[in-house]
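Since the structure comes first, as structure tokens, the remarks are kept for the end.
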Ligand code: DC
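In our numbering, the protein residues as written are 593 to 820.
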């Protein structure tokens, strides 16, 4: 952190690209908080599912999420824990059903407006490594530290499959691949803040790199840009 301005690192990219692991490690290395913005949208996706609302029903979703209290509580190692109406929801938000519902509800503009305001407020004071889909395009477009992580689709689906089966889920690889492609397509083609990047981003293909190598490259790029 230099010159009083908090360090903001924006990390965007599709599902299964390694964003969470890389972001957590990079944040620890830089000594700033880590914010998983997808978890905030997932908390709202969970609420919509619990209420039996169709995620595509924009009016019903916006009403159900307008009254939801999503908040962030500082947790271990500089992480923020996401609370939904005061309840820690991490244990419930990683299922395929919540992933699918979240991708749909996050296309609704009123949902995005609220989450973006919360994310900006959280990071404005202390800075942070923020990961999501629109961090460098919408949440903190002014930061010079923007990364777009990519990886081949088969690699991303393989990682997601390994994660889900390790957590005890019983599903086929093809199912995971289908879900991932459908979600990416939706996240990249919605009207409000689609997943995208421009020349202001450093693109890192993580397909054939270890986590350490990805973190190293990013830390080097940040140091280069921050150097006087
Ligand atoms: O990163 P993730 O897979 O946990 O994100 C879950 C969903 O949330 C994703 O399909 C799209 C949405 N999302 C978003 O629209 N904007 C963000 N900044 C983060 C996530």
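Beta carbons: idealized from backbone N, C-alpha and C, even for Gly.
| Check | Outcome |
| --- | --- |
| Residue 758 beta carbon near the ligand DC (any heavy atom closer than 7 Å) | no |
| Collapsed DSSP secondary structure at residue 753 in the structure displayed | helix |
| Of the listed residues 727, 813, 680 and 628, nearest to residue 670 (C-alpha basis) | 628 |
| Continuous beta strand (DSSP E) stretch holding residue 600: start and end | 600-604 |
| Separation of residue 657 from residue 640, as counted between CA atoms | 8 Å |
| Which residues DSSP lists as bridging residue 726, in chain order | BP columns for residue 726 are empty, so no partner. |
| Exposure label - residue 624; buried when at least 16 CB within 10 Å | buried |
| Cβ contact (3+ pairs, closer than 8 Å) linking the region 726-743 and the region 641-649 | no |
| Minimum C-alpha distance to residue 726 - residue among 633, 745, 620 and 649 | 633 |
| Contained beta strand (DSSP E) runs [length at least 3] in the region 627-696, N- to C-terminal order | 662-666 and 672-676 |
| Alpha carbon of residue 661 to alpha carbon of residue 636, nearest angstrom | 9 Å |
| From 785, 746 and 697, residue whose alpha carbon lies closest to that of residue 728 | 785 |
| Cα-Cα separation, residue 781 to residue 758 | 31 Å |
| Residue 787 versus residue 779 - alpha carbon distance | 6 Å |
| 6 Å Cβ shell around residue 814 - same chain, five flanking residues per side excluded | 737 |
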